[in-house]
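Trainee: Residue 170 in full-length UniProt numbering sits at position 170 of the sequence shown, with consecutive numbering throughout.
For each residue, glycine too, the CB sits at the ideal point set by N, CA and C.
All figures in this text were calculated on a predicted structure; none of them were measured in a lab.
First, the structure itself, so that you have it in front of you.
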Amino acid sequence: MESLASDLPTAGHRVSVLVELPRHSQVDSALSYASDLPLAAGQLVRVPLGRRTVCGIAWAEAEPQAPDIELRPVAEVLDALPPLGPPWRALVSFAAAYYQRSTGELALSVLPGELRDLDATQLQRRLKRLHKRLAAEPIGQVDVPAYELLPLSAEQQAVLQALAGAEPGTHLLHGVTGSGKTEVYLRCVADVLAQGRQALVLVPEINLTPQLEARFRARFPARRIVSLHSGLTPAERLQSWLAAHLGLADVVLGTRMAIFASLPRLGLIVVDEEHDPSYKQQEGARYSARDLAVWRGRNEALTVLLGSATPSLETWHNASPTLPGGARYQLLAMPSRIGAGSLPTVRLVDLARIAAQFGQGAVHKQPLVPALVAALKERIERGEQSLILLNRRGYAPVLHCTGCGWKSACPHCSAWRVFHKLDRTLRCHHCGFSERVPRACPDCGDPDIQPVGRGTERLEEQLGDLLPGARIGRIDADSTRAKGSLESQLASVHAGEVDVLVGTQMVAKGHDFRRMTLVAAVNADSALFGSDFRAPERLFSLLMQAGGRAGRDAAQAGRSELWIQTWHVGHPLYAALVSHDYAAFAKSQLIERQQAGLPPFAHLALLRCEARSQQAATAFLDRTAELGAQIQADHPALQDLLIYPPVPPAIQRVANVERAQMLIESPSRVVLQRFLARWVPQLNQCQVSEQRILRWAVDVDPLAI
C-alpha cells in the first residue's frame with residue numbers, strides 16, 4: 001500500500017518498507033517510500049510514519065519509481081549494518097503467516113529494542129564500541145577452566161557417526177538423563193565450527209544458560225560465544241545480536257527468542273529439552289521456537305538436533321517409522337547413562353494403603369511418610385544430597401476460616417490468593433495483587449484462620465522439624481527473585497552446603513548435582529486428572545527429569561532413588577515410570593490422542609478474547625463463529641474443520657478482565673491454515689465494530705485448551 005504523499009521532492013526509487021503498526025490497523029505493514037538509492041532487501045532504514053520517524057526494514061529490492069506517484073522519502077539508511085539476509089526474511093515471513101501476525105509486527109518485534117531506537121550516527125558509535133570491546137577481550141585469552149575431553153561411550157560414538165553420515169535434516173536425540181547428550185551437542189558444534197560456520201543452541205529457560213555457557217566457553221576457549229535471552233540488559237542483548245549478525249559470534253546460546261537471531265553462517269541448530277513448554281511464546285506472536293527451528297533447518301538445509309529424555313509426543317510421533325512415507329525425523333537413541341551411572345530406582349508410596357491402615361491424619365499431618373524421612377536421614381549421614389519436588393510456591397495455596405468458611409479469594413481474579421508466610425502477605429499469582437494477612441477473618445472476625453494445603457515455604461519449614469540439624473535449602477521463583485540469587489544458591493548446592501533441597505520444576509531439569517542420590521515428589525497426583533489433555537505428558541516428563549538429578553555420579557550407582565507419594569499407585573503412568581519406559585508411555589498416550597482426535601492427529605487453533613464482561617467476550621466469539629461458518633459455506637474445501645462453541649478458560653477472570661476462548665480443529669494443517677488466512681482479517685473488522693472487546697488473539701498449535 002502507498003504511504004501518504006507529501007510535497008517533498010520525489011526520488012528515483014520506490015522501496016517497500018516493513019514498519020510496526022498497531023495490530024488491528026486496517027493498513028498493511030509494508031508501506032512504499034522513495035529513495036535516491038536502490039536499497040537492498042533486508043536493509044534497515046528509518047522512515048517517517050505520521051509525525052514520527054520509526055525503524056523499518058526494506059522488504060524487497062527497490063524498483064524504479066513511477067513519475068506520477070509522490071512518496072515520502074526514506075529518512076535514513078542504516079548502511080553501517082549489512083542487510084538482513086534472505087533466510088532470516090523467509091523465517092519471519094513464514095512465522096508471521098503461520099501464527100497469524102502481520103509481517104511488520106513480527107519482524108520489528110524480534111529485533112533488539114535498542115536497535116530500533118538508533119539512528120545512523122548512533123548505530124555507527126555502537127558498532128565502534130562493539131569492535132573496541134571485542135578487541136580488548138580477544139578470544140583465546142579468556143580465563144576459563146580447562147575442559148576435560150572425556151572418552152565417548154559406545155552410544156555417543158554411534159550417534160555421532162550417524163549424524164556425520166546423515167543428510168541435513170531433523171534428528172531426535174532420545175537420551176536418558178545423564179546419557180551425555182550435552183557432550184554430543186559439543187562435538188556436533190565443534191564439527192560445524194571447523195567448517196567455518198555458526199551454531200545456534202537453544203535451552204528452555206534462562207536459569208540453564210549460565211552453566212551451559214560455562215561448558216561451551218571451557219570447550220571452545222578460542223571461539224566467541226554470546227547469549228540471547230530476556231535476562232540481558234537492552235545493551236547486552238544488542239551487543240550479542242550485533243555479534244551474531246556480523247558473523248563475529250561463533251556460537252549463540254539462548255532461549256526461545258534466539259531462534260530469530262540473524263546468523264549469516266548458520267550450520268547447526270540444537271534444541272535442548274525440546275519437549276519443554278517454555279519454547280512456546282505465550283504473548284504477542286505465539287510461536288513455537290522448536291517448530292521454527294525445524295522449519296529453519298529445512299529451509300536453510302541445516303542439521304537440527306532435538307534432544308530430550310522425554311520427547312514431546314508430537315516429536316516422538318514424527319520420529320516414528322510407521323508414518324505414511326516414513327519418519328520425518330531420524331531417531332537417535334542413547335538409553336544408558338555414561339560411565340557406571342545408573343537410573344534411579346522408582347519407589348511408589350501408596351498413601352491410600354497408609355491412610356486405610358493408620359487413618360487419614362497419618363497422611364495429611366506430615367508432608368513425608370516415615371519411610372521417606374528415614375531414607376533422607378540415611379543420605380544426610382552419608383554426606384549425600386536429596387531433592388524434594390513440590391511444584392507449588394508459597395506457604396499455602398489458600399487461607400481458610402474455620403468459623404464461616406471464608407477463603408482468601410482474589411477480588412480481581414477467579415483464583416485464590418496464596419499465603420506467603422515470610423512476608424506475611426496474601427498474593428495473587430495471576431494479577432499480582434498483594435496485601436497483608438488479616439489478623440482475623442474479614443467476614444466473621446474469627447481469629448482462627450488456617451492455611452490449607454502446602455507450598456514450598458511450608459514444606460521447607462516442616463522438613464526443618466522432621467530433620468533437625470539438616471541444612472535445608474529452597475529454590476523457587478520467590479527465593480530467586482533477586483539478581484544473582486539463583487546462581488549463588490545453585491553454587492551452594494554444588495559445593496555440598498545443602499543436605500536437602502526443596503524446589504519447584506526450576507531445579508528438576510538440566511542441573512548436574514553430583515552428590516544427589518534421592519529425589520522425592522510430594523504431590524505428583526495433582527497433575528494426573530487435570531482438564532488439560534497434555535497433563536499426563538507433562539507430569540511424566542517432570543518426574544523423569546526430576547529423577548534424573550539423582551545418581552549421576554558413578555560412585556552412587558545402585559543406590560539412587562526416586563520416591564513418589566501417590567494415592568493412585570496403580571496408574572499406568574506410574575507403571576511406565578517404574579520401568580523407565582518412555583516408549584511404552586508414549587505409545588499408550590498416542591493411542592488415546594488418536595482416539596480422541598487430539599494432536600498430533602489433529603491441528604488446533606484457539607481464539608482467545610478478553611472483555612469487561614463475560615457476555616461481551618462470548619458475544620464477540622459467537623459473531624466470529626458466524627463469520628467462520630460463512631467462510632466454510634463459501635469454500636467447500638474448508639468443510640473438514642470444526643468450530644466449537646465459546647467457553648471460559650480454567651481461570652475465567654484475571655485483573656477484573658473476563659476471558660473466553662473458542663477452539664478450531666481440523667485433521668488437516670493445510671485446511672486449518674487456509675481457513676485462518678481468510679478468517680483472521682475479518683476478525684479485525686469485527687473488533688472495530690465491537691467496542692466492548694479489550695483484546696483478542698489467535699493461538700495456533702496451543703499448548704493448553
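For G175 and M334, which I take to be in contact (beta-carbon distance under 8 Å), what is that distance rounded to the nearest angstrom?
Mentor: The residue labelled residue 175 in the question sits at position 175 within the sequence shown. The residue labelled residue 334 in the question sits at position 334 within the sequence shown. Yes, they are in contact, since the Cβ atoms of G175 and M334 sit about 3 Å apart, within 8 Å.
Trainee: Quick one: residues in its chain with C-beta nearer than 6 Å to the C-beta of residue 722, no 5 flanking neighbours on either side, listed in chain order?
Mentor: Outside the shown range of the chain, which is 1 to 705, sits residue 722, and nothing can be said about it.
Trainee: Pull the bridge partners of A41 from the DSSP assignment, please.
Mentor: Counting from one through the sequence shown, the residue named residue 41 turns up at place 41. According to DSSP, which records beta bridges pairwise, A41 is partnered with nothing at all.
Trainee: Using 7 Å as the threshold, is the C-beta distance between V252 and L200 below it?
Mentor: For the purposes of this step, residue 252 is taken as the residue at position 252 of the sequence shown. For the purposes of this step, residue 200 is taken as the residue at position 200 of the sequence shown. In contact: V252 and L200 (Cβ atoms closer than 7 Å).
Trainee: Please confirm whether L387 and M516 have their CB atoms less than 7 Å apart.
Mentor: Here residue 387 is taken as the residue at index 387 of the sequence shown, counted from 1. Here residue 516 is taken as the residue at index 516 of the sequence shown, counted from 1. In contact: L387 and M516 (Cβ atoms closer than 7 Å).
Trainee: Helix, strand or coil for V142 per DSSP?
Mentor: On the sequence shown, residue 142 is found 142 positions in, with the first residue counted as 1. Here V142 scores only 49 on pLDDT, less than 50, and its place in the model is too uncertain to base an answer on.
Trainee: Going by Cα to Cα distance, which pick from E626, D117, S408, G196 is closest to L426?
Mentor: Within the sequence shown, numbered from 1, the residue matching residue 426 stands at position 426. Out of E626, D117, S408, G196, S408 has the C-alpha closest to the C-alpha of L426.
Trainee: Assign A626 to one of two classes, buried (16 or more other C-beta atoms within 10 Å of its C-beta) or exposed (fewer than that).
Mentor: As a position in the sequence shown, residue 626 is number 626, starting the count at 1. According to the sequence displayed, residue 626 carries Glu and not Ala. By the 10 Å Cβ count, E626 comes out exposed.
Trainee: Taking Cβ positions only, does C441 come closer than 7 Å to chain B?
Mentor: As a matter of chain content, chain B is missing from the structure shown, which is built from one protein chain.
Trainee: Compute the distance between the beta-carbons of N391 and T504, then report whether it is under 7 Å.
Mentor: The sequence position of residue 391 within the sequence shown is 391, counting from 1. The sequence position of residue 504 within the sequence shown is 504, counting from 1. Cβ atoms of N391 and T504: closer than 7 Å.
Trainee: Kindly indicate which three-state DSSP category Q385 falls into: helix, strand or coil?
Mentor: Locating residue 385 in the sequence shown gives position 385, where the first residue counts as 1. Strand, per DSSP.
Trainee: Does at least one heavy atom of the ligand ZN sit under 6 Å from the Cβ of A285?
Mentor: The ligand content of the structure shown is nil, which means the ligand ZN is not present either.
Trainee: Who are the Cβ neighbours of V363 in its own chain at under 7 Å, not counting the five residues just before and after it?
Mentor: As a position in the sequence shown, residue 363 is number 363, starting the count at 1. Counting only Cβ-Cβ distances below 7 Å, and skipping sequence neighbours, we find L351, I354, A355.
Trainee: Considering only the beta carbon of each residue, do A95 and L292 sit closer than 7 Å?
Mentor: The sequence position of residue 95 within the sequence shown is 95, counting from 1. The sequence position of residue 292 within the sequence shown is 292, counting from 1. For A95 and L292, yes; Cβs fall inside 7 Å.
Trainee: Specify the secondary structure class of A575 as computed by DSSP and reduced to three states.
Mentor: To locate residue 575, count along the sequence shown from 1; it is residue 575. A575 falls in the helix class under three-state DSSP.
Trainee: Should P48 be labelled buried (16 or more other beta-carbon atoms within 10 Å of its own) or exposed?
Mentor: One-based indexing of the sequence shown puts residue 48 at position 48. With 16 or more Cβ atoms within 10 Å of its Cβ, P48 is classed as buried.
Trainee: Quick check on DSSP: helix, strand or coil for G432?
Mentor: Start at 1 with the first residue of the sequence shown, and residue 432 comes out as number 432. Coil.
Trainee: Quick check on DSSP: helix, strand or coil for R695?
Mentor: Numbered from 1 along the sequence shown, position 695 holds the residue referred to as residue 695. Residue state, collapsed to three classes: strand.
Trainee: Just the Cα atoms here: how many angstroms apart are R379 and L212?
Mentor: As a working note, residue 379 is residue 379 in the sequence shown. As a working note, residue 212 is residue 212 in the sequence shown. Answer to the nearest angstrom: the Cα atoms are 28 Å apart.
Trainee: State buried or exposed for F601, treating a residue as buried only when at least 16 other CB atoms are found within 10 Å of its CB.
Mentor: In the sequence shown, residue 601 corresponds to position 601, counting from 1. Classification for F601: exposed.
Trainee: Rank L44, Q385, T624, A258 by C-alpha distance to the C-alpha of L490 and give the top, closest one.
Mentor: By 1-based counting over the sequence shown, the position of residue 490 is 490. Ranking the options by Cα distance to L490, first place goes to Q385.
Trainee: Below 7 Å between beta carbons: does that hold for C444 and G403?
Mentor: On the sequence shown, position 444 is the one that residue 444 refers to. On the sequence shown, position 403 is the one that residue 403 refers to. Cβ distance < 7 Å, so C444 and G403 count as in contact.
Trainee: Taking the alpha carbon of G231 as the point to measure from, which residue in V54, M257, V522, L246 has its own alpha carbon closest?
Mentor: Position 231 of the sequence shown holds residue 231. Among V54, M257, V522, L246, the Cα nearest to that of G231 belongs to M257.
Trainee: Please list, in chain order, all residues of the same chain as V15 whose beta carbon is under 6 Å from its beta carbon, the five residues on each side excluded.
Mentor: The residue given as residue 15 occupies position 15 in the sequence shown. Same-chain partners within the cutoff: Y33, S35, L39, A58, A62.
Trainee: Thinking C-alpha only, which one of S179, V270, A520 is nearest L459?
Mentor: Position 459 of the sequence shown, counting from 1, holds the residue named residue 459. Here the closest residue by C-alpha is A520.
Trainee: Excluding the 5 residues flanking W406 on each side, which residues of the same chain have their C-beta closer than 6 Å to its C-beta?
Mentor: Within the sequence shown, residue 406 is the residue found at index 406, counting from 1. C441, D443.
Trainee: Keeping to the same chain, check which residues put their C-beta closer than 6 Å to that of T456; ignore five residues upstream and five downstream.
Mentor: Numbered from its first residue, the sequence shown carries residue 456 at position 456. Answer for T456: L390, R393, R474, D476, V502, listed in chain order.
Trainee: Residue range of the alpha helix (DSSP H) that D465 falls in?
Mentor: Start at 1 with the first residue of the sequence shown, and residue 465 comes out as number 465. That run of the alpha helix (DSSP H) goes 456-466.
Trainee: Report yes or no: do three or more beta-carbon pairs, one from the segment 234-251 and one from the segment 187-200, lie closer than 8 Å?
Mentor: Yes: at least three Cβ pairs fall under 8 Å.
Trainee: Could you pull the DSSP bridge partners for K377 from this structure?
Mentor: The residue labelled residue 377 in the question sits at position 377 within the sequence shown. In the DSSP output, where bridge partners are listed per residue, K377 has none listed.
Trainee: Less than 7 Å between the beta carbons of A524 and A535, yes or no?
Mentor: Walking along the sequence shown from the start, residue 524 turns up at place 524. Walking along the sequence shown from the start, residue 535 turns up at place 535. No, the Cβ-Cβ distance between A524 and A535 is not below 7 Å.
Trainee: Per DSSP, T566 is paired with what?
Mentor: Within the sequence shown, numbered from 1, the residue matching residue 566 stands at position 566. According to DSSP, T566 bridges with D350.
Trainee: Give a yes or no on whether the C-beta atoms belonging to A80 and L123 are separated by under 7 Å.
Mentor: As a first step, residue 80 is located in the sequence shown; it is residue number 80 there, counting from the start. As a first step, residue 123 is located in the sequence shown; it is residue number 123 there, counting from the start. Yes, the pair counts as a contact, with Cβ atoms nearer than the cut-off.
Trainee: Keeping to the same chain, check which residues put their C-beta closer than 7 Å to that of Q632; ignore five residues upstream and five downstream.
Mentor: Taking the sequence shown and counting its residues from 1, the one referred to as residue 632 is at position 632. Here the set comprises L638, Q639, L641.
Trainee: Just the Cα atoms here: how many angstroms apart are I643 and E665?
Mentor: Start at 1 with the first residue of the sequence shown, and residue 643 comes out as number 643. Start at 1 with the first residue of the sequence shown, and residue 665 comes out as number 665. Distance between the alpha carbons of I643 and E665: 7 Å.
Trainee: In three-state terms, what does DSSP make of V176?
Mentor: Residue mapping note: residue 176 aligns to position 176 of the sequence shown, counting from 1. If DSSP states are grouped into helix, strand and coil, V176 belongs with coil.
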